[in-house]
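In our numbering, the protein residues as written are 53 to 449.
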């Protein structure tokens, strides 16, 4: 393990990779990263899958089989992505077992186009949990207002959740409430809390991008300050939640805490250090999911200075107040970024639909529109993969 990654682990930070592809699985590079202790988890999103599957590399056999079966485009995409996520879950299963379920997790996201429909979101969460069928899975649900009840319902069903697209401390506190309610409902119904995991994915770099744009050149000393300050205050809220009687009652029943996960940690402004959103957000019981470029930068020259959060709460509050005095509406920044995030992932999903459709048509096949039904076998098309169009070679490790 590289020293910087070892230092992060020693400080209580779980390093996850924000990327997944079939090439990464088949080449063995993912297994090597896990075996070397570089990463202990994986996150995905529609943009990641659009890039991976859009390239076509490694997906040809499964696409051909699905085309022959006349599978609808919606089911096709879910079978493609579920196969990758299931394989990654198997690779990370030893980490999951060794950590008691804290790490070794792999995330798959509900269709971003239904982010404003709580019932459909919860239904898809249940479907994805069944389809992937691995205990170390996380279902990603956006922290939209409509997503909050879906988070509660999904956790109450015993399904682990990665709450994504959080941009403000206020919304994060609402996510905490959804998390606590979900576990309380499950416990009240007699369900076990053991094994149910959750993280709250707080997006970082996009906050600086939007705030810096609004600040312009009037207050350059505030540039690049908002994202880290905002994130540190989220961790303060996390610590406050752990001290509540509600949480302590759930912990006594075996519940795992909903750790804060730092997402969008790739630096978008080249004027900022490329490890900024890693080394400035170090504290125990956090997760930092990094794109490969950021992970490589941390390995190459990251300087971990121990805990960089808990002694900085007062300074973070001052920074947020300075931003307000400078005319930055922090609540509006979060609302805009949430809308952009949902739209961006929905666009990626639509692009993936177009790309996969084109690939299948090049093979001489045809794609049924979403919602169409054309059973290809005696099971009515309901078989769990690999029977439902999986590649011809197992990804089990």
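Ideal Cβ placement from N, Cα and C applies to all residues, glycine included.
Quick caveat, the model's predicted, so the values are computed rather than measured.
Give the single residue among the options whose Cα lies nearest to the Cα of residue i.
{"i": "residue 280", "options": "333, 262, 238", "result": "333"}
{"i": "residue 184", "options": "317, 89, 306, 141", "result": "141"}
{"i": "residue 258", "options": "317, 135, 349", "result": "317"}
{"i": "residue 56", "options": "390, 341, 387, 327", "result": "327"}
{"i": "residue 346", "options": "329, 291, 252, 356", "result": "329"}
{"i": "residue 244", "options": "252, 250, 235, 251", "result": "235"}
{"i": "residue 71", "options": "99, 87, 88, 385", "result": "99"}
{"i": "residue 148", "options": "68, 92, 408", "result": "92"}
{"i": "residue 262", "options": "307, 385, 111", "result": "385"}
{"i": "residue 288", "options": "251, 362, 407, 322", "result": "362"}
{"i": "residue 405", "options": "344, 393, 115, 125", "result": "125"}
{"i": "residue 179", "options": "298, 134, 165, 251", "result": "134"}
{"i": "residue 242", "options": "152, 302, 364", "result": "302"}
{"i": "residue 351", "options": "306, 77, 393, 85", "result": "85"}
{"i": "residue 364", "options": "277, 172, 130, 152", "result": "277"}
Give the secondary structure of residue i by DSSP, where H, G and I count as helix, E and B as strand, and everything else as coil.
{"i": "residue 106", "result": "helix"}
{"i": "residue 380", "result": "coil"}
{"i": "residue 61", "result": "helix"}
{"i": "residue 214", "result": "strand"}
{"i": "residue 48", "result": "Nothing about residue 48 can be read from this structure; the chain reaches only from 53 to 449."}
{"i": "residue 361", "result": "coil"}
{"i": "residue 156", "result": "coil"}
{"i": "residue 93", "result": "strand"}
{"i": "residue 190", "result": "strand"}
{"i": "residue 254", "result": "strand"}
{"i": "residue 73", "result": "coil"}
{"i": "residue 427", "result": "Residue placement at residue 427 is poorly supported in this model, since its pLDDT is 35, which falls under 50; the coordinates still yield a value, given next. Residue state, collapsed to three classes: coil."}
{"i": "residue 195", "result": "coil"}
{"i": "residue 124", "result": "strand"}
{"i": "residue 168", "result": "coil"}
{"i": "residue 209", "result": "coil"}
{"i": "residue 67", "result": "strand"}
{"i": "residue 441", "result": "Annotation note: pLDDT 42 at residue 441 (below 50); position unreliable, no value reported."}
Rounded to whole angstroms, what's the CA-CA distance from residue i to residue j? Just pull it up for me.
{"i": "residue 382", "j": "residue 221", "result": "10 Å"}
{"i": "residue 336", "j": "residue 81", "result": "28 Å"}
{"i": "residue 237", "j": "residue 411", "result": "45 Å"}
{"i": "residue 175", "j": "residue 163", "result": "11 Å"}
{"i": "residue 109", "j": "residue 103", "result": "10 Å"}
{"i": "residue 248", "j": "residue 58", "result": "27 Å"}
{"i": "residue 309", "j": "residue 415", "result": "47 Å"}
{"i": "residue 90", "j": "residue 139", "result": "18 Å"}
{"i": "residue 62", "j": "residue 224", "result": "26 Å"}
{"i": "residue 286", "j": "residue 75", "result": "36 Å"}
{"i": "residue 117", "j": "residue 376", "result": "56 Å"}
{"i": "residue 146", "j": "residue 182", "result": "21 Å"}
{"i": "residue 83", "j": "residue 143", "result": "6 Å"}
{"i": "residue 97", "j": "residue 398", "result": "10 Å"}
{"i": "residue 390", "j": "residue 161", "result": "16 Å"}
{"i": "residue 344", "j": "residue 283", "result": "21 Å"}
{"i": "residue 206", "j": "residue 269", "result": "45 Å"}
{"i": "residue 128", "j": "residue 409", "result": "10 Å"}
{"i": "residue 300", "j": "residue 246", "result": "15 Å"}
{"i": "residue 123", "j": "residue 321", "result": "42 Å"}
{"i": "residue 358", "j": "residue 65", "result": "10 Å"}
{"i": "residue 371", "j": "residue 324", "result": "18 Å"}
{"i": "residue 114", "j": "residue 132", "result": "8 Å"}
{"i": "residue 190", "j": "residue 159", "result": "4 Å"}
{"i": "residue 94", "j": "residue 374", "result": "36 Å"}
Is residue i close to chain B? Criterion is C-beta to C-beta, closer than 8 Å.
{"i": "residue 304", "result": "You won't find chain B in this structure, because it holds only one protein chain."}
So residue i and residue j are supposed to be a Cβ contact under 8 Å. How far apart are they, rounded?
{"i": "residue 229", "j": "residue 198", "result": "Contact doesn't hold; Cβ gap of about 15 Å is too wide."}
{"i": "residue 315", "j": "residue 204", "result": "About 21 Å; that fails the 8 Å criterion."}
{"i": "residue 192", "j": "residue 214", "result": "5 Å"}
{"i": "residue 43", "j": "residue 188", "result": "Summary: the structure shown does not reach residue 43, with the chain confined to residues 53 through 449, and so no result is reported for it."}
{"i": "residue 338", "j": "residue 312", "result": "5 Å"}
{"i": "residue 378", "j": "residue 271", "result": "5 Å"}
{"i": "residue 226", "j": "residue 200", "result": "6 Å"}
{"i": "residue 380", "j": "residue 266", "result": "5 Å"}
{"i": "residue 218", "j": "residue 250", "result": "Contact doesn't hold; Cβ gap of about 12 Å is too wide."}
{"i": "residue 177", "j": "residue 195", "result": "Between residue 195 and residue 177 the Cβ distance is about 14 Å, and since that is not below 8 Å, they are no contact."}
{"i": "residue 165", "j": "residue 401", "result": "6 Å"}
With respect to 7 Å, is the separation between the Cβ of residue i and the closest non-hydrogen atom of the ligand GDP below this value?
{"i": "residue 272", "result": "Absent from the structure shown: the ligand GDP. Ligands present: none."}
At 4 residues or longer, and completely inside the region 280-311: list those alpha helix (DSSP H) runs for me, N to C.
-> 297-304
Which parts of the region 304-350 are runs of the alpha helix (DSSP H), unbroken and 4 residues or longer, counting only runs that do not cross its ends?
-> 328-331
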